[in-house]
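Structure first, then comments.
2 protein chains.
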Amino acid sequence: MKKIYQGKTKDVFDLENGKYLLKFKDDVTGENGVFDPGANTVGLTMEGAGEAGLKLTKFFFEKINAQGIATHFVDADIANRTMTVLPATVFGEGVEVICRYRAVGSFLRRYGKYIKEGDSLNAYVEVTLKDDDRNDPLITDSALEMLGVMDKNEYKILEDMTKKIAKIVKDELAKKGLELYDIKFEFGRIGDDKHIALIDEISGGNMRAYKDGKYIEPLELERLMLE
Amino acid sequence: MKKIYQGKTKDVFDLENGKYLLKFKDDVTGENGVFDPGANTVGLTMEGAGEAGLKLTKFFFEKINAQGIATHFVDADIANRTMTVLPATVFGEGVEVICRYRAVGSFLRRYGKYIKEGDSLNAYVEVTLKDDDRNDPLITDSALEMLGVMDKNEYKILEDMTKKIAKIVKDELAKKGLELYDIKFEFGRIGDDKHIALIDEISGGNMRAYKDGKYIEPLELERLMLE
Chain W
8 MKKIYQGKTK DVFDLENGKY LLKFKDDVTG ENGVFDPGAN TVGLTMEGAG
58 EAGLKLTKFF FEKINAQGIA THFVDADIAN RTMTVLPATV FGEGVEVICR
108 YRAVGSFLRR YGKYIKEGDS LNAYVEVTLK DDDRNDPLIT DSALEMLGVM
158 DKNEYKILED MTKKIAKIVK DELAKKGLEL YDIKFEFGRI GDDKHIALID
208 EISGGNMRAY KDGKYIEPLE LERLMLE
Chain C
8 MKKIYQGKTK DVFDLENGKY LLKFKDDVTG ENGVFDPGAN TVGLTMEGAG
58 EAGLKLTKFF FEKINAQGIA THFVDADIAN RTMTVLPATV FGEGVEVICR
108 YRAVGSFLRR YGKYIKEGDS LNAYVEVTLK DDDRNDPLIT DSALEMLGVM
158 DKNEYKILED MTKKIAKIVK DELAKKGLEL YDIKFEFGRI GDDKHIALID
208 EISGGNMRAY KDGKYIEPLE LERLMLE
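From first to last, the protein sequence lines are chains W and C. Here this note's numbering is used: the first residue of the first sequence is 8, the next is one more, and so on. Here this note's numbering is used: the first residue of the second sequence is 8, the next is one more, and so on.
Here it is as structure tokens:
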């Protein structure tokens, strides 16, 4: 197998059998040693972050697959920190789809004239371009279509899938007394029919979870979810 | 009559007869003495800018009214630099609606991974919140609805009106050998039926126009259009 991509938090290998292998690292995104799920830089290395991230990803992807929602997940090997997936092509050079239940992060920074920190948002979905140099700019469905990233029908599918998947995650967190504030997903097109599927991972680094109004760090979130 | 609002480029008075009076100033937006239609600060004062802006606004609003598109424009008094308008309530605390024919300005800064400066855009419409402190953030139709600024039907109307009005301006500029790259409008709700109408002004400060690939300053644009 050969390495085809080296990412911030994981590497990707071609298994040359029609599937890919993701290797989870112990690096997490953040700045100046402080974890930030919205950051574009690797801020720190946390012992055990890769394994915990993979375990949580396996946990959620199995639940999502079981609901009949398409993902790239095939199986996971926790001891080796690897996950086997179906190859996917991303939209344009990659987009992130965010689902928000409460106003925090970049949403609050943008729309603070109209809302206060922590205000409820009704599973609001928005899309940003993966573009470190431009700080992952927000983009509308019209602009995505005009720039050839996806058409409006695909945008509707993404929005719908995002709400369904976020609800699954939110409900699982609620079982442990945690509240999901926001979560970001990546999607790709899979197979000959190019159907839209959830890709990448779902771990503490992709979401903001709170317990009794207090933010829970990714490793602590993973511990609480998997214990 | 009493002053009810003091703006960056014009003041608003209540005529107490059901109409308002806008008084155009010679101040234009920009930074460090350089004109920038996207800037939130008054950068410089240009002798004659108020009168030229009002003349061009009268020119365009009369054409737009004549096409049966609702505006707040009633009439203009060039000598006194005033314009009589119907009172309007803005969306939320104000939005700007931008129509883009070529990639420049904030669009290029956001989406430069996918387009080059000056690339053609197909009358793409986007909405930003008027919020100087947050640098007029881009906002989607879904977020506008969630934040109570406007519903999705109003967004569709705004988008449609914007394309029609921008086309009128583009065609008028083309008659003078000028090419419209982008233009921003403001809209409000007018009358008992709260119908959506174009408000504010349409002058050099609201648009970017080019001649043979060279940007034309607002006062020069107004001179070329009105000569």
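Even glycine gets a Cβ: it sits at the ideal position worked out from N, Cα and C. Keep in mind the model is a prediction, meaning the values are calculated, not measured.
Check whether the Cβ atoms of residue i and residue j lie closer than 8 Å to each other.
{"i": "E152 of chain W", "j": "K163 of chain W", "result": "no"}
{"i": "M90 of chain C", "j": "T64 of chain C", "result": "yes"}
{"i": "L165 of chain C", "j": "A216 of chain C", "result": "no"}
{"i": "L187 of chain C", "j": "V176 of chain C", "result": "yes"}
{"i": "L205 of chain C", "j": "T78 of chain C", "result": "yes"}
{"i": "G99 of chain W", "j": "V156 of chain W", "result": "yes"}
{"i": "I189 of chain C", "j": "M168 of chain C", "result": "Per the sequence presented here, residue 189 of chain C reads as Asp, with Ile not at that position. No, they are not a contact pair."}
{"i": "E229 of chain W", "j": "K10 of chain W", "result": "no"}
{"i": "I172 of chain W", "j": "A95 of chain W", "result": "no"}
{"i": "T147 of chain W", "j": "T147 of chain C", "result": "yes"}
{"i": "E161 of chain C", "j": "I203 of chain C", "result": "yes"}
{"i": "I31 of chain W", "j": "R88 of chain W", "result": "The displayed chain sequence assigns Phe, not Ile, to residue 31 of chain W. Cβ distance < 8 Å, so F31 of chain W and R88 of chain W count as in contact."}
{"i": "E133 of chain W", "j": "A150 of chain C", "result": "yes"}
{"i": "G37 of chain W", "j": "A46 of chain W", "result": "yes"}
{"i": "E103 of chain W", "j": "D140 of chain W", "result": "no"}
{"i": "K137 of chain W", "j": "G101 of chain W", "result": "yes"}
{"i": "I209 of chain C", "j": "F114 of chain C", "result": "no"}
Would you mind sorting residue i into buried or exposed? The rule is 16 or more other CB atoms within 10 Å of its CB.
{"i": "R116 of chain C", "result": "exposed"}
{"i": "L154 of chain W", "result": "buried"}
{"i": "Y121 of chain W", "result": "buried"}
{"i": "G220 of chain W", "result": "exposed"}
{"i": "E193 of chain C", "result": "buried"}
{"i": "S127 of chain C", "result": "exposed"}
{"i": "G55 of chain C", "result": "exposed"}
{"i": "T135 of chain W", "result": "buried"}
{"i": "L28 of chain W", "result": "buried"}
{"i": "M53 of chain W", "result": "buried"}
{"i": "A86 of chain W", "result": "exposed"}
{"i": "G57 of chain C", "result": "buried"}
{"i": "A73 of chain C", "result": "exposed"}
{"i": "K191 of chain C", "result": "buried"}
{"i": "V111 of chain C", "result": "buried"}
{"i": "E234 of chain W", "result": "exposed"}
{"i": "D200 of chain W", "result": "exposed"}
{"i": "G212 of chain C", "result": "buried"}
Interface residues of chain W around residue i at Cβ under 7 Å?
{"i": "R7 of chain C", "result": "No answer is possible for residue 7 of chain C: the residues shown for chain C start at 8 and end at 234."}
{"i": "D138 of chain C", "result": "K120"}
Counting only Cβ pairs nearer than 9 Å, list the residues of chain W close to residue i.
{"i": "E100 of chain C", "result": "K120, Y121"}
Name the DSSP beta bridge partners of residue i, please?
{"i": "Q13 of chain W", "result": "W:D18"}
{"i": "S149 of chain W", "result": "The partner list for S149 of chain W (beta bridge, DSSP) is empty, contrary to what the question assumes."}
{"i": "Y188 of chain W", "result": "Beta-bridge pairing links Y188 of chain W to no other residue."}
{"i": "F80 of chain W", "result": "W:V92"}
{"i": "G195 of chain C", "result": "C:V97, C:A204"}
{"i": "Y131 of chain W", "result": "W:R107"}
{"i": "R215 of chain C", "result": "C:D189"}
{"i": "F31 of chain W", "result": "W:K17"}
{"i": "K221 of chain W", "result": "W:K218"}
{"i": "L233 of chain W", "result": "Paired residues: none, contrary to the question."}
Is any beta-carbon of chain W found at less than 8 Å from that of residue i?
{"i": "N129 of chain C", "result": "yes"}
{"i": "A95 of chain C", "result": "no"}
{"i": "T147 of chain C", "result": "yes"}
{"i": "L154 of chain C", "result": "yes"}
Quick check on residue i - is its C-beta less than 8 Å from some C-beta in chain C?
{"i": "E133 of chain W", "result": "yes"}
{"i": "A150 of chain W", "result": "yes"}
{"i": "L165 of chain W", "result": "no"}
Please confirm if residue i has its CB atom under 8 Å from at least one CB of chain B.
{"i": "E69 of chain C", "result": "Protein chains W and C are contained in the structure displayed, whereas chain B is not."}
Heavy atom of the ligand NAD less than 7 Å from the Cβ of residue i, yes or no?
{"i": "H79 of chain C", "result": "Looking for the ligand NAD in the displayed structure turns up nothing, as the structure carries no ligands at all."}
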